[in-house]
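Chains as they are written, first to last, in this note's numbering: chain A, 41 to 818; chain B, 1408 to 1533. Just so you know, even glycine gets a beta-carbon here, dropped at the ideal spot from N, CA and C. In what follows, a structure is listed as structure tokens, so that the remarks can point back to it.
Below is the structure:
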């Protein structure tokens, strides 16, 4: 709401309320005063009227008493009573006339006898017949004043007094008089406004209330009678002895009146001084109207004033406001002119100052904005370039994606066309990808494979020839995932296909890594190795057979030669013995060669077994040294042994250890000239056992050291010497050592000697299933 | 005198063995095949049998099985002789109750004689 209206509203409310309060206050105070005044007045008048009545009654009583006391009158009455002589009646009549004539108001005078009967009177009627007998009775004893009940509207009064002589009741004086004064009281309206009057009422013979004269607003000819049942009429109430201010009665017109009532005991009259409530309230009413008018005028004035006031306040504010509006619109030069010296003026000054500040800062801001805009424009151009660059990149990425998609397709195509079976498992070992070869080999369908844990469908087992043992053999997959390294299926892995056929398989499992290098699964590649196995089997059998066929004649030669040399078929000459020995030696060489070739073939086929036992390596070594001592002694070669004290038992295949020792020792002895020295050392160096065989022999020429492990290779320097060897020994030793997770190395200098060093892990040789052990080699 | 039965299909080898053992004063019986050998064994009840593995027809392992399940022969000492490179037969031999397993080309006759004498030390010489 606008300020002006607010001010207006509040002003109006305040003044309205004040005016209302004032009016209300005035109303109650003044008007109650009015009412109180009216009441006092009524009471005052009532008192006056009452006094008047009292005095009037007294006067009358005195008057009639005086008459009754007249001697002459009394004499006449007494005389009449005693004589009943009519002269006295006539005298009384004259006296009565006298009395009547003495007072203007007296309308008739009667003299009654002791029985209350009229003796004489100023007129002829028997007055006692017109008067309440009770009153006649009372008249005998006391002076009375009462209303003469007649049909007349304006009532007369009756005065009585007893006549007595020497204290004896003689008769009654009865005067009918106009109730002038009393009626005057009723017609005295002074101080009673326009509707007020005094009522004097008496109880008539019926018990109802009659007025002594027609009241103010009645027909002057009619008499007013109020039935006694109308108990709310003031006159009735006064005659019921209710005295005082009565605010809620009605009069003979049934108008609500304020009345002050008195009961005049003496004469049993009721006095009512009343005034219409309406008239009483009229001043109040007019007062109210006055106030209303006044109030309205005041309100109008106030509205006008408040308008002005509101304006005085609101206008400058309005100016300020519209000024601010202008300024916000941008019209910075709008001048706000308020010159008043009050706060609003000060405000407008401040406003002006602020405006200036705004103008200044605006200017600054404009400058800044300009700079910013320039910067933004520059940035925008930059961004635009960037955007272009990004778009280029996106194009490249899109290209890449296409390429990748193509690659992916290529890969998938390749995958589909790889001749080996390829399947991929995730970290939980569920198959997520297969190629058709998997289906071919295993016989399961894609639906049966994809999504399942591989071990539920593809069962890889160990199968050992000649045994029924079937051990689950899928460690290679689990290990690939765990170790993150490519694992080969161990030999003799077999896959059980859908129909339960055993299919020999071979190849490997490789861990599948994501970009972060975490292992997320495994790629398994395998092929049906049945043919290979068949081939291997064929090869092995061939080798077996071949070696058997070779060995048989060799054995024959061996044994016969042995028997001849032994002298079993006759003594030999020294020369014959020598020849035979040559034959035997040559044969022995061939046997050794066949044995060595057998081992080589086993090594090549991977079919040799490692069966580790707990070995005391030192005792084995000692035995083998003893064996070679024969040859060593022939050449006068010294063999030294040096064994660590704390060598533990090692888990190793004794045959293989034997071959290692035999080979190294025999090489050392063979390739050392007479009187040389061979040293065997076995030491412990965590985590391995170290076997060293050192000789002081011919050594290996540097140029040929690289080939020393080759099959059938013999270095040149030993060929020329008179030594024999198959050239297979070191090849076999190396193969054994490496299968045993060990290492072999040597240091050699021509003509100085050679030291061979074999390291075997303390935890021993791993067990290796194989179908064949290696042969003894000599 | 101890009786030795040689069951070997290769004649030169059998003859060499026979010669050697006769020299060593053993009574030597010979058989050219597994079946023949079994018959002879059952009939003659030798103290020791030299048994070749690789033979046509019934091979040495079958013969060994037969011998060891024969009430009259099961206590006979049996030395398996072979030129086969199959050492796994060594296990089989042990399983079946053979006493020795020797590779012919690697075993000099002297060594063989020593072994035989050891096994038959208990047999009284006649």
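At a cut-off of 8 Å between beta carbons, residue 1439/B makes no contact with chain A.
A check of alpha carbon separations from residue 566/A across 458/A, 644/A and 711/A identifies 458/A as the nearest. Distance from the CA of residue 122/A to the CA of residue 202/A, rounded to the nearest whole angstrom, comes to 17 Å.
Of the residues assessed, residue 149/A falls on the buried side of the cut-off, its CB having 16 or more other CB atoms within 10 angstroms. Nearest CB-CB separation between residue 1528/B and chain A: not below the 8 Å threshold.
Collapsing the DSSP output to three states places residue 229/A in coil. If you draw a straight line from the Cα of residue 584/A to the Cα of residue 1438/B, it is about 24 Å long. By DSSP's assignment, residue 692/A forms a beta bridge with 653/A. With respect to residue 248/A, residue 266/A sits close: the two C-beta atoms are nearer than 8 Å. Distance from the CA atom of residue 452/A to the CA atom of residue 786/A, rounded to whole angstroms, is 49 Å. Under DSSP, residue 1413/B takes part in a beta bridge, and its partners are 1437/B and 1457/B. In this structure, residue 1475/B and residue 1504/B form a Cβ contact; the two beta carbons are roughly 4 Å apart against a cut-off of 8 Å. Taking a cut-off of 8 Å on C-beta distances, the segment 755-773 of chain A touches the segment 707-724 of chain A, as three or more cross pairs fall below it. For residue 788/A, the CB contacts under 6 Å within the same chain, skipping 5 residues up- and downstream, are 739, 740 and 794 in chain order. Annotation: the continuous beta strand (DSSP E) that includes residue 801/A extends over 793-801. When the beta-carbon positions are compared, residue 768/A and residue 752/A come within less than 8 Å of each other. In terms of beta-carbon proximity, residue 1515/B lines the interface with chain A, with at least one pair separated by less than 8 Å.
Burial is judged here by how many other beta carbons sit within 10 angstroms of a residue's own beta carbon; residue 461/A has at least 16 and is buried. DSSP places residue 476/A inside the alpha helix (DSSP H), whose first and last residues are 476-482. Residue-level contact check: residue 1490/B touches chain A, since one or more beta carbons of chain A fall below 8 Å from its beta carbon. Taking 8 Å as the threshold, the shortest C-beta distance from residue 602/A to chain B falls below it.
Within its own chain, no residue has a Cβ closer than 6 Å to the Cβ of residue 280/A once the five positions on either side in sequence are excluded. In the three-state scheme derived from DSSP, where H, G and I count as helix and E and B as strand, residue 630/A is classed as helix.
Contact between residue 756/A and residue 744/A is confirmed by a C-beta separation of about 7 Å, below the 8 Å threshold. Looking only at 758/A, 731/A and 754/A, the smallest Cα-Cα distance to residue 796/A is reached by 731/A. For residue 542/A, the enclosing beta strand (DSSP E) begins and ends at 542-553. Residue 562/A has its alpha-carbon roughly 26 Å from the corresponding atom of residue 781/A. Distances from the alpha-carbon of residue 577/A to those of 514/A, 537/A, 317/A and 644/A put 644/A closest. Within chain A, the residues 588 have their CB atoms less than 7 Å from the CB of residue 1461/B, given in chain order.
Within the same chain, Cβ atoms closer than 7 Å to the Cβ of residue 527/A are found at 516, 519, 520, 548 and 549, the five residues on either side in sequence being excluded.
Here the segment 1408-1419 of chain B makes contact with the segment 1453-1460 of chain B; the two share three or more CB pairs at distances below 8 Å. Straight-line measurement puts the Cα of residue 71/A at about 10 Å from the Cα of residue 64/A. In the structure shown, residue 449/A adopts helical secondary structure according to DSSP, grouped into three states. With respect to chain B, the C-beta atom of residue 461/A has no partner C-beta closer than 8 Å.
Closest by C-alpha distance to residue 616/A, out of 629/A, 601/A, 628/A and 627/A, is 601/A. Chain-ordered, the chain B residues with CB closer than 7 Å to the CB of residue 595/A read 1420, 1490, 1511 and 1512.
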